[in-house]
Amino acid sequence: RELVFATNNQHKTQEVRNLLLNDYNVLNLNDIGCTTDIPETGSTFAENATLKSSYVVEHYHMDCFADDSGLEVEALNQEPGIFSARYSGVRDDQANLTLVLQKMEGQTNRKARFRTVISLMRGGENFLFEGIVNGTIRETPTGAQGFGYDPIFVPDGYDHSFAEMSMEQKNRISHRALAMKELISFLKEQKQV
Ligand code: ITT
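Counting in the UniProt record's numbering, the sequence shown runs from 2 upward without gaps.
Next up, the structure:
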């Protein structure tokens with residue numbers, strides 16, 4: 002069975018493929034020949050996830066799901082939030098992460114969370130799933146795995162940043178994994194109907 006995941010992000014694709022391994026063959030935008038950078042003009046994760054999933058339904062007539070996610074830092078009024086991919090003005094993980102660290106200099110409240118909202122378009126209906134992981138922002142980046150803000154995010158209850166964890170470890174606790182868990186149980190439930 003195949004499931005379309007409306008993303009251009011290779012890291013997201015890998016994480017999600019790993020989670021759906023036994024159930025679905027996951028096709029991303031590249032795999033279905035879509036080279037558009039789908040405009041994310043919404044003001045919430047849910048709106049942006051829905052814009053991405055709806056684009057595929059409209060142009061490719063395929064059911065699909067999309068993930069919109071980001072880092073919310075308490076001391077920065079929940080920024081970068083929906084602007085996570087281009088916080089520094091450009092799509093550059095290193096520059097974005099550096100900007101967060103700069104803004105957090107001298108800040109004692111280091112609480113943050115990662116949030117993912119997934120929009121699943123099925124038979125013209127939109128279903129939303131959310132995953133959140135709480136943690137703190139490191140003073141300096143550590144680790145080389147993962148992507149985005151992983152080197153500066155330490156999930157609560159752990160001493161290591163997401164970038165110091167294997168994909169399997171991150172997939173046991175991450176915001177994306179939690180949202181995917183909801184999506185997977187929804188898909189399983191639906192099959193019984
Ligand atoms: P698609 O829209 O094509 O899926 P994207 O990278 O543009 O890919 P988003 O619009 O959802 O994805 O932006 C999310 C940004 O938030 C992403 O570029 C990272 O900088 C950050 N981010 C999201 N999930 C993350 C994770 O698990 N670890 C680290 N950073 C993450």
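A virtual CB, placed ideally from N, CA and C, is assigned to each residue, including glycine.
Only a predicted model underlies this, so the values are computations on that prediction, with no experimental measurement involved.
Item: With a cut-off of 8 Å on the beta carbons, I'd call Glu41 and Leu52 a contact; round off their distance for me.; Value: 6 Å
Item: Over what stretch of residues does the alpha helix (DSSP H) that includes Leu52 continue unbroken?; Value: 46 to 61
Item: Just to confirm my understanding: we take Glu73, look at its own chain, exclude 5 residues before and 5 after, and list those with CB closer than 7 Å. What are they?; Value: Gln79, Gly82, Ala113, Arg114, Arg116
Item: In three-state terms, what does DSSP make of residue 209?; Value: Because the chain is modelled from 2 through 194, residue 209 falls outside the range shown and cannot be assessed.
Item: In angstroms, rounded to a whole number, what distance separates the CA positions of Arg87 and Asn97?; Value: 7 Å
Item: For a quick check, are the C-beta atoms of Ser54 and Phe66 less than 8 Å apart?; Value: yes
Item: Do Gly158 and the ligand ITT come close, with the Cβ less than 7 Å from some heavy atom?; Value: no
Item: Which residue from Asp38, Asp64, Ile119 puts its Cα closest to that of Glu183?; Value: Ile119
Item: Whose CB is closer than 5 Å to a heavy atom of the ligand ITT? List the residues in chain order.; Value: Thr8, Asn9, Asn10, Asp69, Ser70, Gly71, Ser85, Ala86, Gly149, Tyr150, Asp151
Item: Taking C-alpha atoms, which residue in Val17, Glu75, Glu126 lies nearest to Lys104?; Value: Glu75
Item: Do Asn9 and Asp38 have their C-beta atoms closer together than 8 Å?; Value: yes
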